[in-house]
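Scroll down for the structure; my scribbles are underneath it.
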Amino acid sequence: MGPWWIYIKGSYSGPQPIFPNIESFNFVAAMSSSQGLNTLTQIKTIPEDGSRFKEQEDQPLSPMARLFHEPGSNVYIISIMGCKTKINVDVLKENLVQSLLRHPRFSSLQVFNNETQSIRWVPTNVNIDNHVIVPKLEPNIAFPDSFVEDYISNLSKSPIENSKPLWDLHILDIKTTNNEGTGVFRFHHSLGDGISLMTLLLACTRKSSDPNALPTLPFNKDYSYIKFKGFCSVLEMLWNSCVALVMFVFTLLFLKDTETPLKGSLGVENRPRRFVHRSVNLADIKAVKNVMGVTVNDVVLGVTQAGLSRYLNRRYSEINNGEGTDHCNKTNFIPKNIRLRATFFFNLRATTRVDTLVETMKTGKLGRWGNKIGYVLLPFKIGLKTNPLDYVKEAKVVIDRKKASFEPLFTYFIVYFALRLFGIKAVGKLNHKVFSNTTLWFSNVPGPEQEVTFYGHDLTCLAPSCYGQPNALMIHIVSYVDKLSFVISADEETIPDPQRLCDDLEESLHLIKSSALATESAKNK
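Have a look at this one:
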């Protein structure tokens with residue numbers, strides 16, 4: 022779970038960027054076509070300054086990390102940075118060597134052992150030039166925005182070369198509508214979950230208002246999503262958990278989502294993705310929240326349910342009538358009783374702190390790291406509604422039921438113990454079956470509450486997503502200062518117009534907000 026789009030504003034006062042003279046970019050040549058992990062020679066870590074870190078014993082990948090190499094679960098997190106000034110490549114490289122490369126997972130190979138059929142972390146000497154890719158581009162490309170979007174989509178066609186740690190950063194020195202340059206981070210999901218990787222990158226940032234201060238995150242505190250309020254709440258928790266467990270087993274065995282225009286076909290995880298996003302004002306979300314007495318997450322889920330309904334209604338209108346214009350949203354073309362569910366991911370860490378990862382990058386000690394995520398199967402009620410606020414009300418009922426259950430812990434421990442009992446291959450097939458029987462992945466990650474700088478560049482937007490999952494659609498929500506972004510990862514064969522889905526999400530928020538304000542105004546009369 023974890024693209025990030027990171028848009029950078031303001032002027033950079035440091036040294037002028039010096040871009041290497043790289044030959045015309047050949048994407049296929051640059052990206053490895055290898056699908057598996059080869060046996061590599063063991064090498065110990067040697068930092069750039071020639072000194073040695075404390076000797077580390079080779080460690081096996083955790084079962085959860087190993088799972089992300091299985092077919093159908095071979096997932097990458099992609100993080101995109103856009104900037105209003107040229108990205109200073111030399112400054113980035115220098116700082117990455119002193120920060121990110123000091124993290125053990127970012128300076129280790131993943132080496133497959135033929136005898137034990139295991140994969141181990143092997144510390145290695147990292148050449149930063151092998152990870153920071155700066156293609157030489159024509160400065161006057163006719164459609165630069167489309168080019169950048171296509172480039173990012175092309176990254177989803179090939180894995181990272183397995184002869185180096187599984188991450189890279191692409192710098193596109195091309196001016197687009199909003200940016201002077203674009204950077205694209207890419208990580209294999211075995212390096213860590215989305216929260217871990219997002220927090221790690223934010224550990225490389227500082228507040229714009231105070232260059233020495235780390236950013237503040239909403240989740241930067243001790244947290245537990247399970248809260249007992251009495252005996253009745255315990256009974257409710259147990260009942261909801263039992264229902265969730267039964268539905269999980271049914272989904273594993275036979276229960277599939279309806280074949281809608283959003284449902285991916287067999288092999289969708291191997292097809293390239295299109296990444297688009299749309300930012301809205303967080304104040305609009307909070308306005309609905311305050312009027313309805315719900316949470317920001319409730320509003321976001323309600324907007325998502327409304328947006329998916331609008332999109333599907335138009336697609337069904339095209340199928341039935343050959344039309345897909347906006348007037349179709351006044352007539353319901355959606356079949357009744359559609360089953361459409363999201364795999365909704367939960368962070369299971371008791372605490373997530375940026376300063377902890379700063380310490381990791383200073384000392385090289387791993388600490389608490391890895392993939393600590395569970396998930397719930399979240400149903401969306403698809404259909405057109407007379408009152409837009411009903412989308413939020415229905416979403417709140419469903420997510421409250423999920424939060425009042427052990428379902429995220431169940432799914433985590435089911436996978437964990439199944440790995441111990443049946444092995445990687447069996448659990449890989451289990452995960453693939455559950456994921457492919459649902460329609461989409463959904464993740465919600467809060468970002469910094471203040472503007473931050475990334476190695477001296479002011480950031481204006483964050484937006485994460487993934488590719489490699491066995492679903493045609495992923496919706497990732499991320500907040501940053503006063504904005505909230507809907508990030509879409511779409512299989513174009515299934516969803517040829519992801520920008521229209523962004524339009525539907527934005528329009529749904531507008532309708533829900535207008536209805537909420539009208540309701541509030543009527544109460545005050």
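For our numbering, count along the sequence shown from 1 and bump the result up by 21.
A virtual CB, placed ideally from N, CA and C, is assigned to each residue, including glycine.
Simplified DSSP assignment, three categories, for residue i
i	result
GLY323	helix
CYS225	coil
GLY328	helix
LEU235	coil
ILE467	The sequence given here places Pro at residue 467; Ile does not occur at that position. If DSSP states are grouped into helix, strand and coil, PRO467 belongs with coil.
PHE507	strand
LEU130	strand
ASN548	Outside the shown range of the chain, which is 22 to 546, sits residue 548, and nothing can be said about it.
HIS531	helix
ASP411	helix
ARG360	coil
GLY288	coil
HIS124	coil
THR474	strand
ASN261	helix
ASN175	helix
PHE208	strand
ASP189	strand
PRO429	helix
LYS276	In the sequence under discussion, the amino acid at residue 276 is Leu, which differs from the Lys named in the question. If DSSP states are grouped into helix, strand and coil, LEU276 belongs with coil.
GLY449	helix
PRO180	coil
SER217	helix
Contacting residues, own chain, Cβ-Cβ under 7 angstroms from residue i (five flanking each side not counted)
i	result
ASP319	VAL413, ALA416, LYS417 and ILE420
ASP189	HIS152, ILE154, ILE181 and ARG207
ILE359	THR279, THR281 and ILE403
SER542	none
ASN341	PHE354
Residue i vs residue j beta-carbon contact at 8 angstroms
i	j	result
LEU283	ILE516	yes
ARG362	THR226	no
LEU410	ASN353	no
GLN520	THR237	no
HIS209	TYR97	yes
SER426	ASN261	yes
PRO144	SER120	no
LEU430	ALA439	no
LEU532	GLY328	no
GLU201	LYS105	yes
PHE275	LEU398	no
ALA86	SER211	yes
ASP214	LYS393	yes
VAL312	LEU530	no
GLU339	GLY93	no
LYS307	VAL321	no
ARG331	GLU528	yes
GLN131	ASN199	no
Chain-order list of residues whose beta-carbon lies under 6 angstroms from that of residue i (same chain, five-residue window excluded)
i	result
ILE39	Residue placement at ILE39 cannot be trusted, given a pLDDT of 29 that sits under 50; what the coordinates show is reported in the next sentence. Cβ neighbours of ILE39 beyond the five flanking positions: ASP111.
TRP462	THR364, GLN490, ASN492 and MET495
VAL502	GLU472
PRO81	SER139 and ARG141
ALA265	SER426 and GLU428
Residue i classed as buried or exposed, judged by whether at least 16 other C-beta atoms fall within 10 angstroms
i	result
GLU136	exposed
LEU256	exposed
GLY251	exposed
LEU505	buried
GLU428	buried
PRO232	exposed
GLN326	buried
VAL267	exposed
GLU159	exposed
CYS523	buried
SER286	exposed
ARG123	buried
PRO165	buried
ARG299	buried
PHE367	buried
THR407	exposed
GLY288	exposed
PHE127	buried
THR60	For THR60, the pLDDT reaches just 31, beneath the cut-off of 50, and the residue's location in the model is therefore unreliable, although a value from the coordinates is still provided. By the 10 Å Cβ count, THR60 comes out exposed.
PHE89	buried
LYS310	buried
8 angstroms Cβ shell around residue i - same chain, five flanking residues per side excluded
i	result
LYS351	none
Closer than 8 angstroms to chain D by CB, residue i
i	result
TRP462	Protein chain content of the structure displayed is limited to a single chain, and chain D is not contained in it.
>> Tell me whether the segment 165 to 182 and the segment 285 to 300 touch, counting them as touching only if at least three CB pairs, one residue from each stretch, are closer than 8 angstroms.
In response: They touch, by the three-pair rule.
>> Check whether the segment 445 to 463 and the segment 101 to 119 touch, using three or more Cβ-Cβ pairs below 8 angstroms as the test.
In response: In short, these stretches do not touch, since the Cβ pair count stays below three.
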